[in-house]
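Student: Take a look at the following structure, please.
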Amino acid sequence: MSASEATAPRRRVRRKRSSGLQRKQTRLAWLMLTPALLVVAFVAFYPLGQTIYQSFTDQQFLAFEPTKWVGLANYRRLIHDDAFRHSITVTVKFTLITVSFEFVLGLIIALVVNSSFKGRGVMRAVMLVPWAIPTVVSAQMWKWMYDPIFGPIDDAGVRLHILSHPVAWIAQSNTALWAVSAVDIWKTTPFVALLLLAGLQVIPHDLYEAAGVDGASKLHQFWRITLPLLRPAILVALIFRTLDALRVFDIFYVFFGSRSDTQTMSIVAQNTIVTEGNVGYGAAISVAIFLIIGIFVVIYTTFLRVQEQ
Amino acid sequence: MGLTGALALVVSLAIAGAGSAGTAEPSTPAAVKPPPVAGAAAIKAKYGGQSITFVGDGAVGNSHVRDQNLVAQFSKQTGIKIKLVPHPADSSAAYSQLARNFSAHSSSIDVMMMDVVWPGAFAPYLVNLKPALGQQAKLHAAGIVLNDTVKGKLVAMPWFGDFGILYYRTDLLKKYGYSKPPTSWAQLGAMAKKIQDGEKASNPSFVGYVYQGNAYEGLTCDSLEWLASSGGGQFIDNGKVTINNPKAAAILNLQRSWVGNIVPSAVTTYQEEDARNAFDSGNAAFMRNWPYAYSASQTTPVKGKFAVTVLPHTGKSPSVGTVGGWQLGVSKYSKHVGAATEFVRWMTSPAVERYDAIFNANVPTIPAVATIPAVVKANPYLIPSIAKVTRVTRPARYLGPHYAQGSQDIYQGINQILNGKSAQSVLPTIASELNKLVKP
Numbered sequence: 001m002s003a004s005e006a007t008a009p010r011r012r013v014r015r016k017r018s019s020g021l022q023r024k025q026t027r028l029a030w031l032m033l034t035p036a037l038l039v040v041a042f043v044a045f046y047p048l049g050q051t052i053y054q055s056f057t058d059q060q061f062l063a064f065e066p067t068k069w070v071g072l073a074n075y076r077r078l079i080h081d082d083a084f085r086h087s088i089t090v091t092v093k094f095t096l097i098t099v100s101f102e103f104v105l106g107l108i109i110a111l112v113v114n115s116s117f118k119g120r121g122v123m124r125a126v127m128l129v130p131w132a133i134p135t136v137v138s139a140q141m142w143k144w145m146y147d148p149i150f151g152p153i154d155d156a157g158v159r160l161h162i163l164s165h166p167v168a169w170i171a172q173s174n175t176a177l178w179a180v181s182a183v184d185i186w187k188t189t190p191f192v193a194l195l196l197l198a199g200l201q202v203i204p205h206d207l208y209e210a211a212g213v214d215g216a217s218k219l220h221q222f223w224r225i226t227l228p229l230l231r232p233a234i235l236v237a238l239i240f241r242t243l244d245a246l247r248v249f250d251i252f253y254v255f256f257g258s259r260s261d262t263q264t265m266s267i268v269a270q271n272t273i274v275t276e277g278n279v280g281y282g283a284a285i286s287v288a289i290f291l292i293i294g295i296f297v298v299i300y301t302t303f304l305r306v307q308e309q
Numbered sequence: 001m002g003l004t005g006a007l008a009l010v011v012s013l014a015i016a017g018a019g020s021a022g023t024a025e026p027s028t029p030a031a032v033k034p035p036p037v038a039g040a041a042a043i044k045a046k047y048g049g050q051s052i053t054f055v056g057d058g059a060v061g062n063s064h065v066r067d068q069n070l071v072a073q074f075s076k077q078t079g080i081k082i083k084l085v086p087h088p089a090d091s092s093a094a095y096s097q098l099a100r101n102f103s104a105h106s107s108s109i110d111v112m113m114m115d116v117v118w119p120g121a122f123a124p125y126l127v128n129l130k131p132a133l134g135q136q137a138k139l140h141a142a143g144i145v146l147n148d149t150v151k152g153k154l155v156a157m158p159w160f161g162d163f164g165i166l167y168y169r170t171d172l173l174k175k176y177g178y179s180k181p182p183t184s185w186a187q188l189g190a191m192a193k194k195i196q197d198g199e200k201a202s203n204p205s206f207v208g209y210v211y212q213g214n215a216y217e218g219l220t221c222d223s224l225e226w227l228a229s230s231g232g233g234q235f236i237d238n239g240k241v242t243i244n245n246p247k248a249a250a251i252l253n254l255q256r257s258w259v260g261n262i263v264p265s266a267v268t269t270y271q272e273e274d275a276r277n278a279f280d281s282g283n284a285a286f287m288r289n290w291p292y293a294y295s296a297s298q299t300t301p302v303k304g305k306f307a308v309t310v311l312p313h314t315g316k317s318p319s320v321g322t323v324g325g326w327q328l329g330v331s332k333y334s335k336h337v338g339a340a341t342e343f344v345r346w347m348t349s350p351a352v353e354r355y356d357a358i359f360n361a362n363v364p365t366i367p368a369v370a371t372i373p374a375v376v377k378a379n380p381y382l383i384p385s386i387a388k389v390t391r392v393t394r395p396a397r398y399l400g401p402h403y404a405q406g407s408q409d410i411y412q413g414i415n416q417i418l419n420g421k422s423a424q425s426v427l428p429t430i431a432s433e434l435n436k437l438v439k440p
């Protein structure tokens with residue numbers, strides 16, 4: 001989106017001068033893009049359209065009666081659905097906690113592994129380990145580590161006199177969200193660090209040299225050179241992470257099952273469609289999730305546009 | 001670990017079997033052979049040459065070999081050809097495979113294996129086996145037969161199925177002066193408290209009692225045992241939603257009062273393996289679990305320090321165990337109902353259940369088979385009281401295709417109770433949700 005904004009004036013100029021050759025090239029480009037676009041249409045737009053259509057029906061999974069069109073009935077029910085409303089709060093809280101921690105920690109790690117020191121290559125590979133473990137596996141591993149009866153975290157806490165008694169981190173509702181967020185931060189910070197590292201590496205080194213000659217302090221250089229030039233990478237990282245966090249399912253499902261006070265939006269959708277077999281209403285929930293995620297994307301891109309000017 | 005443990009068990013059983021070679025009863029998987037088919041000649045005369053398809057257990061492991069052996073034996077003796085098709089390993093995939101087949105009125109499946117919570121949903125598509133197999137059904141545990149009887153029709157036959165039992169630490173009971181495991185819930189509470197108070201001094205992680213309290217299917221099973229063993233009904237009885245009653249509320253409030261005291265508050269996140277980890281690490285005095293934990297726990301620090309018994313009860317109500325297991329049914333769209341029924345008759349006979357219990361360590365649904373010495377040797381937890389315990393089943397036959405949703409209403413509600421809400425405030429909500437799902 002930033003790219004189209006930036007290149008818009010140039011394109012207008014180019015269009016005036018467009019020659020036969022350019023037109024031919026444009027046509028060729030479209031021709032070569034067509035298969036990819038068809039695939040995208042098939043795997044993205046078709047299911048999306050199908051879901052929107054289903055959200056206006058009473059379709060049941062494995063029903064023996066025919067499906068009926070019910071208009072806005074599913075959406076009217078959705079507005080009064082406390083479980084779904086609560087899941088929005090849980091999911092948004094989780095998103096805000098994890099994305100902010102992942103961004104700050106990821107930036108620090110990226111800056112560290114971007115500086116030159118011995119063993120940097122090894123460090124860059126090692127930091128990716130948490131990201132490489134499948135989420136369901138690491139979630140189960142952490143669930144057991146958190147356990148107050150046989151988990152090492154409480155055991156160490158009690159032995160070192162940090163905790164007076166073992167704490168049920170996951171079961172208690174006041175620590176549950178923080179416990180699950182910590183695992184997500186542990187797992188996904190490397191991913192943010194990797195994206196930011198890529199951004200850092202394209203910043204020309206001579207900018208820092210010039211700033212150094214002009215007497216700018218390291219901190220000054222960070223605020224005036226690193227951060228502004230890193231902005232595209234930061235936005236990519238934030239958008240990726242926010243969308244992922246808003247769709248979170250696996251960690252919560254392993255930790256809490258279908259516990260009612262910790263359901264995320266995706267868990268509500270999954271339970272409605274698969275467990276209850278209520279495809280129509282589940283589709284309405286899915287559309288709502290799609291719109292909520294859409295709101296976040298709009299916020300980010302607007303933020304980007306303001307910054308560009 | 002699990003595999004080596006299983007191997008060790010198999011080897012030790014093989015040695016035990018060899019040691020007692022004088023006795024005629026083979027009790028090892030290798031020694032036991034599929035039994036002969038009773039009345040094979042008559043079946044052959046009537047149905048010989050027909051072909052049927054049997055959707056059996058998953059494609060991996062001993063269960064599939066068991067199916068292959070049994071199918072080969074039956075075909076050889078009766079001349080009925082059987083195409084054996086393993087079902088998908090994932091239970092919900094197996095469910096939808098059958099559902100698709102039934103809604104297409106397809107004759108491509110004749111006999112199928114069904115989870116204990118499916119007959120309610122599939123009843124309209126299944127043959128009533130009562131005329132042919134009603135007599136034989138009387139041999140099986142009454143609770144499971146009731147589960148497989150939908151609107152007066154016996155739509156499936158029990159095949160094998162385990163149920164919840166109580167694990168306890170024999171060394172700790174002795175240490176604190178108890179000669180017997182608890183028989184009532186109140187006793188369990190008192191014993192768990194005394195043991196926990198004593199052990200906590202040296203081990204701050206120690207707890208009295210663990211079970212499956214996560215908001216998932218396992219909690220429906222556990223809470224059914226609490227209610228049914230305390231006069232609180234079975235969620236839905238005779239088609240009426242009964243979950244909201246004073247005795248149910250009393251036992252649920254008792255269980256809630258234990259959480260954070262003799263039961264760790266983490267129990268509200270526990271599934272089977274979490275509970276087993278707590279027990280196997282030596283940090284719990286009592287555990288409710290399925291029989292699989294008996295052999296699984298033999299390779300852990302509590303090996304030799306624990307035993308099993310039936311779950312506790314309240315007052316005059318019996319001890320119970322919630323059944324998880326499998327049934328056999330015959331499709332209404334089958335072109336060979338007669339041959340298929342004969343196959344089910346043999347498969348659910350005492351002889352085949354005995355073979356399966358030894359060959360594959362499955363719990364027989366026929367209590368008399370569960371007490372055969374060779375079967376007990378292969379399944380050492382099958383002490384007489386456990387083999388005879390009353391088996392209860394989840395309310396699937398009343399909820400039909402809505403079972404999963406009804407069960408979700410139950411386990412989410414009970415999980416809220418364990419997390420601190422009073423039973424009186426949650427049970428009416430569960431009851432009204434269930435009422436919406438129960439078909440008259």
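Heads up: the protein sequence lines correspond to chains A and B, in order. Residues in the first sequence are numbered from 1 upward in steps of one, following the working numbering. Residues in the second sequence are numbered from 1 upward in steps of one, following the working numbering. Think of the CB as a built atom: it goes at the ideal place given N, C-alpha and C, for glycine as much as any other residue.
Using a Cβ-Cβ cut-off of 9 Å, state whether B:H402 counts as contacting chain A.
Tutor: Start at 1 with the first residue of the second sequence, and residue 402 of chain B comes out as number 402. Interface residue, yes.
Student: Terminal residues of the continuous beta strand (DSSP E) containing B:V392?
Tutor: Position 392 of the second sequence, counted from the start, is the residue given in the question as residue 392 of chain B. From DSSP, the beta strand (DSSP E) with B:V392 extends over 390–392.
Student: On the criterion of 16 or more Cβ atoms from any shown chain inside 10 Å, does A:R159 qualify as buried, or is it exposed?
Tutor: The sequence position of residue 159 of chain A within the first sequence is 159, counting from 1. Burial call: exposed.
Student: How is B:T23 classed by DSSP in three states: helix, strand or coil?
Tutor: Taking the first residue of the second sequence as position 1, residue 23 of chain B is located at position 23. Confidence in B:T23 is poor, its pLDDT being 45 and thus under 50, which makes the residue's placement unreliable; the coordinate value appears in the next sentence. Coil.
Student: Roughly how many whole angstroms lie between the Cα atoms of B:S27 and B:V375?
Tutor: Here the question's residue 27 of chain B lines up with position 27 in the second sequence. Here the question's residue 375 of chain B lines up with position 375 in the second sequence. Going from the Cα of B:S27 to the Cα of B:V375 covers about 7 Å.
Student: To the nearest angstrom, report how far apart B:A38 and B:Y333 are at their CA atoms.
Tutor: The residue given as residue 38 of chain B occupies position 38 in the second sequence. The residue given as residue 333 of chain B occupies position 333 in the second sequence. For B:A38 and B:Y333, the distance between alpha carbons rounds to 26 Å.
Student: Buried or exposed: which applies to B:N203, given that a residue is buried once 16 or more other Cβ atoms fall within 10 Å of its Cβ?
Tutor: Taking the second sequence and counting its residues from 1, the one referred to as residue 203 of chain B is at position 203. By the neighbour-count rule (16 or more Cβ atoms within 10 Å), B:N203 is not buried but exposed.
Student: Do you know offhand how far B:A31's Cα is from B:A368's?
Tutor: By one-based count along the second sequence, residue 31 of chain B stands at place 31. By one-based count along the second sequence, residue 368 of chain B stands at place 368. So the alpha carbons of these two residues sit roughly 21 Å apart.
Student: Quick check: is the beta carbon of A:V310 nearer than 9 Å to any beta carbon in chain B?
Tutor: Limits of chain A in this structure are 1 at one end and 309 at the other, which puts residue 310 of chain A out of reach.
Student: Check A:Y75 in the structure and name its three-state DSSP category.
Tutor: Here residue 75 of chain A refers to the residue found at position 75 when the first sequence is read from its first residue. Helix.
Student: Are the stretch 393–402 of chain B and the stretch 113–121 of chain B touching, with three or more C-beta to C-beta distances below 8 Å?
Tutor: As far as the Cβ criterion goes, the stretch 393–402 of chain B touches the stretch 113–121 of chain B, which means the pair count is three or higher.
Student: Name, in chain order, the residues that DSSP records as bridge partners for B:A284.
Tutor: As a first step, residue 284 of chain B must be located in the second sequence, where it is residue number 284. Answer by DSSP bridge pairing, in chain order: B:V207.
Student: Less than 9 Å between CB atoms is the rule here; does A:I289 satisfy it with respect to chain B?
Tutor: Stepping through the first sequence from its first residue, residue 289 of chain A is reached at position 289. For A:I289, the answer is no, since every Cβ of chain B falls outside 9 Å of its Cβ.
Student: Are there 16 or more other CB atoms within 10 angstroms of the CB of B:Q405, so buried, or fewer, so exposed?
Tutor: By 1-based counting over the second sequence, the position of residue 405 of chain B is 405. When all chains shown are included, B:Q405 counts as buried.
Student: Note the first and the last residue of the continuous alpha helix (DSSP H) segment covering B:V426.
Tutor: The residue given as residue 426 of chain B occupies position 426 in the second sequence. From DSSP, the alpha helix (DSSP H) with B:V426 extends over 423–437.
Student: Of all the options B:W185, B:N214, B:K175, B:Y216, which has the alpha carbon lying nearest to the alpha carbon of B:Q196?
Tutor: For this step, residue 196 of chain B is matched to residue 196 along the second sequence. That would be B:K175, whose Cα lies nearest to the Cα of B:Q196.
Student: Tell me the rounded alpha-carbon separation between B:A156 and B:Q187.
Tutor: As a first step, residue 156 of chain B must be located in the second sequence, where it is residue number 156. As a first step, residue 187 of chain B must be located in the second sequence, where it is residue number 187. Approximately 38 Å, taken between the alpha carbons.
Student: To the nearest angstrom, how far is the alpha carbon of B:K436 from that of A:T275?
Tutor: Your numbering for residue 436 of chain B matches position 436 in the second sequence. Your numbering for residue 275 of chain A matches position 275 in the first sequence. When rounded, the distance between both Cα atoms is 16 Å.
Student: Give me, in chain order, the residues of the same chain whose beta-carbon lies closer than 6 Å to that of B:V60; leave out the 5 immediate sequence neighbours on both sides.
Tutor: Here residue 60 of chain B corresponds to residue number 60 of the second sequence, with the count starting at 1. Cβ neighbours of B:V60 beyond the five flanking positions: none.
Student: If the cut-off is 8 Å on Cβ atoms, which residues from the stretch 264–278 of chain B count as contacting chain A, listed in chain order?
Tutor: The residues in question are P264, S265, A266, V267, T268, T269, Q271, D274, N277, A278.
Student: Could you say which of B:G304, B:V363, B:P318, B:P384 lies nearest to B:G324 if we only look at CA atoms?
Tutor: Numbered from its first residue, the second sequence carries residue 324 of chain B at position 324. Looking at the Cα atoms, B:V363 is the closest of the given residues.
Student: Report the three-state DSSP secondary structure of B:F160 (helix, strand or coil).
Tutor: Looking up residue 160 of chain B in the second sequence gives position 160. Of the three classes helix, strand and coil, the one that applies to B:F160 here is strand, per DSSP.
Student: By the criterion of Cβ-Cβ separation under 9 Å, what are the contact partners of B:N261 in chain A?
Tutor: The residue you call residue 261 of chain B lines up with position 261 of the second sequence. What B:N261 touches in chain A: nothing, since even the nearest Cβ is about 13 Å away.
Student: Any C-beta of chain B sitting closer than 9 Å to the C-beta of A:R12?
Tutor: Counted from its first residue, the first sequence places residue 12 of chain A at position 12. Reliability of the predicted coordinates at A:R12 is poor, the pLDDT of 49 falling under 50, and the value obtained from them is presented with this limitation in mind. Closer than 9 Å: no.
Student: Could you name the residues that DSSP lists as bridge partners for B:Q327?
Tutor: Numbered from its first residue, the second sequence carries residue 327 of chain B at position 327. Answer by DSSP bridge pairing, in chain order: B:M114, B:P158.
Student: In the stretch 409–421 of chain B, which residues sit with their C-beta less than 8 Å from some C-beta in chain A, listed in chain order?
Tutor: Residues passing the 8 Å Cβ filter: Y411, Q412, N415, Q416, N419.
Student: Under 9 Å between beta-carbons, which chain A residues line up against B:A104? List them in chain order, please.
Tutor: Counted from its first residue, the second sequence places residue 104 of chain B at position 104. Per Cβ cutoff of 9 Å: no residues; B:A104 is ~11 Å from chain A at best.
Student: At a Cβ threshold of 9 Å, is A:F150 touching chain C?
Tutor: The chain labelled as chain C is not found among the protein chains of the depicted structure, namely A and B.
Student: List the residues of chain B that A:Q172 touches, going by C-beta distances under 8 Å, in chain order.
Tutor: Here residue 172 of chain A is taken as the residue at index 172 of the first sequence, counted from 1. Near A:Q172 (Cβ distances below 8 Å), the residues of chain B are S265.
Student: Using 10 angstroms around the beta-carbon of A:G121, count the other beta-carbons present and answer buried if the total reaches 16, otherwise exposed.
Tutor: The residue you call residue 121 of chain A lines up with position 121 of the first sequence. Per the 10 Å Cβ criterion, exposed.
Student: Count the other CB atoms within 10 Å of the CB of A:I289; is the residue buried (16 or more) or exposed (fewer)?
Tutor: Your numbering for residue 289 of chain A matches position 289 in the first sequence. A:I289 should be labelled buried.
Student: Using a beta-carbon distance cut-off of less than 7 Å, what residues from the stretch 186–206 of chain B approach chain A?
Tutor: Those residues of the stretch 186–206 of chain B that come within reach of chain A (Cβ to Cβ, closer than 7 Å) are P204, S205.
Student: Compare the Cα-Cα distances from B:T348 to each of B:S385, B:A278, B:H140 and report the closest residue.
Tutor: Counted from its first residue, the second sequence places residue 348 of chain B at position 348. Of B:S385, B:A278, B:H140, the residue nearest in Cα terms is B:H140.
Student: Suppose the cutoff is 8 Å on Cβ atoms and the five residues either side in sequence are ignored; what does the same chain contact list for A:Q221 look like?
Tutor: Here residue 221 of chain A refers to the residue found at position 221 when the first sequence is read from its first residue. Same-chain partners within the cutoff: Y208, A211, G212.
Student: Any contact of the stretch 247–257 of chain B with the stretch 124–143 of chain B, i.e. 3+ C-beta pairs under 8 Å?
Tutor: Not touching, per the Cβ criterion.
Student: Please confirm whether B:T78 and B:Y47 have their CB atoms less than 9 Å apart.
Tutor: Reading the second sequence from its first residue, position 78 is the one you call residue 78 of chain B. Reading the second sequence from its first residue, position 47 is the one you call residue 47 of chain B. Against a cut-off of 9 Å, the Cβ pair of B:Y47 and B:T78 comes out as a contact.
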